[in-house]
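In the numbering used here, the protein residues as written are 1 to 348. A virtual CB, placed ideally from N, CA and C, is assigned to each residue, including glycine. What you are looking at is a predicted structure, and each value in this text was computed from that prediction instead of being measured. Heads up: the structure comes next, in structure tokens.
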């Protein structure tokens with residue numbers, strides 16, 4: 001049995017892409033995901049939960065068994081959830097995870113022993129994960145400014161053991177299934193995620209003249225100043241004739257109301273990951289984005305659809321004082337390594 005743990009809609013999408021990419025001979029009449037059990041470690045925010053429920057329906061259609069685990073309902077919920085999941089972990093032949101930075105997943109990794117592991121994309125974080133693993137560093141999200149608080153010190157032994165579990169050994173194979181440009185350490189198998197399942201199941205989309213704009217949570221994570229962000233969205237919308245703004249699931253409603261008021265854009269809160277929304281269409285002939293996962297994934301999902309994906313740089317003066325020191329460099333790397341995209345300078 002293959003056992004996957006997901007905490008976001010994008011992770012679940014990429015688990016389905018991974019299942020679809022397995023040799024056709026392993027498929028059954030139930031679908032490419034038969035023999036796969038997906039455990040949804042449910043988040044608390046309503047938009048993520050809604051998208052995850054929609055993705056769970058698609059996973060069941062592909063033959064996967066889906067278990068919804070309310071993992072954050074109080075102080076005792078994490079330990080109870082882990083205790084409930086131990087029997088499944090023992091039976092699993094392979095464990096698939098979407099977020100190696102997740103404390104929840106790190107706790108589960110301490111229990112996997114020598115089972116084979118696959119890490120699927122959870123956005124651009126995969127780039128930082130692979131780089132940190134190659135350098136032998138502790139696992140810290142790129143936008144975290146200070147990772148030396150009491151909670152981090154308490155969980156340091158868990159993080160250290162999880163990092164060892166994510167390193168290949170003579171008895172365990174570790175795979176990274178990704179659409180991102182990564183340079184993992186020697187011994188890790190990298191499998192390209194081409195979004196073949198997305199293209200197989202949906203589209204091609206109808207397109208219209210003009211642009212759609214993809215939102216980001218860079219304001220919410222303390223990286224970009226909200227005023228600078230609103231000005232940039234307004235400038236991009238005017239310059240490219242954008243009609244809609246696809247909100248990131250973590251974006252603050254007050255920020256979205258401000259953008260709608262100041263730009264006239266229609267705010268869309270997608271019910272599925274943007275790769276599926278765009279592939280199903282309709283979609284603008286140009287899709288505008290700031291540095292984010294979609295500048296790597298949308299060109300793959302929309303291959304052959306005649307849609308241009310354009311990425312707008314983040315100007316240094318947009319960054320807040322709370323931004324991590326490596327934020328500018330990381331965002332520049334996200335933009336610079338994207339393939340088949342049009343690069344736009346930051347609006348003046």
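Could you tell me the boundaries of the alpha helix (DSSP H) in which residue i lies?
i           : result
residue 89  : 77-91
residue 14  : 9-20
residue 234 : 226-240
residue 335 : 327-336
residue 44  : Unbroken run through residue 44: none, as it is neither H nor E.
residue 200 : 196-201
residue 276 : 274-280
Give the DSSP bridge partners of residue i, in chain order.
i           : result
residue 128 : Paired residue(s): none; residue 128 is not in a bridge.
residue 106 : DSSP lists no partner for residue 106.
residue 116 : 94
residue 288 : 213 and 310
residue 244 : 212 and 266
residue 5   : 39 and 97
residue 178 : 192
residue 122 : 124
residue 169 : 172
Look at the alpha carbon of residue i and the alpha carbon of residue j, and state the distance between them as a whole number of angstroms.
i           : j           : result
residue 223 : residue 63  : 40 Å
residue 213 : residue 91  : 44 Å
residue 93  : residue 109 : 14 Å
residue 320 : residue 289 : 20 Å
residue 337 : residue 15  : 23 Å
residue 343 : residue 335 : 8 Å
residue 390 : residue 281 : Because the chain in this structure spans residues 1 to 348, residue 390 falls outside the shown range and cannot be described.
residue 274 : residue 61  : 20 Å
residue 47  : residue 250 : 8 Å
residue 182 : residue 238 : 35 Å
residue 2   : residue 227 : 46 Å
residue 56  : residue 314 : 34 Å
residue 122 : residue 8   : 8 Å
residue 136 : residue 130 : 10 Å
residue 345 : residue 312 : 6 Å
residue 242 : residue 50  : 26 Å
residue 246 : residue 179 : 21 Å
residue 240 : residue 83  : 52 Å
residue 54  : residue 272 : 7 Å
residue 119 : residue 125 : 11 Å
residue 323 : residue 329 : 12 Å
residue 216 : residue 232 : 12 Å
residue 86  : residue 193 : 29 Å
residue 101 : residue 107 : 11 Å
residue 347 : residue 316 : 12 Å
residue 230 : residue 261 : 11 Å
For my contact list, residue i and residue j are in at a C-beta cut-off of 8 Å; report their separation, rounded to the angstrom.
i           : j           : result
residue 263 : residue 234 : 5 Å
residue 69  : residue 40  : 6 Å
residue 291 : residue 341 : Going by Cβ atoms, the distance from residue 291 to residue 341 rounds to 10 Å, so no, they are not a contact pair.
residue 17  : residue 200 : Rounded, the Cβ-Cβ distance is 10 Å, inconsistent with contact.
residue 177 : residue 284 : 29 Å between Cβ atoms; not a contact.
residue 133 : residue 185 : 6 Å
residue 256 : residue 267 : 5 Å
residue 301 : residue 198 : 5 Å
residue 352 : residue 105 : What the structure shows of the chain is the stretch from 1 to 348, and residue 352 is not part of that stretch, so it cannot be assessed.
So what does DSSP say about residue i, is it helix, strand or coil?
i           : result
residue 67  : strand
residue 219 : coil
residue 352 : Since the first residue shown for the chain is 1 and the last is 348, residue 352 is missing from the structure and cannot be characterised.
residue 59  : helix
residue 343 : strand
residue 322 : coil
residue 207 : strand
Report yes if the C-beta of residue i is less than 7 Å from at least one heavy atom of the ligand NAP; otherwise report no.
i          : result
residue 56 : Among the components of this structure there are no ligands whatsoever, and the ligand NAP is therefore not found.
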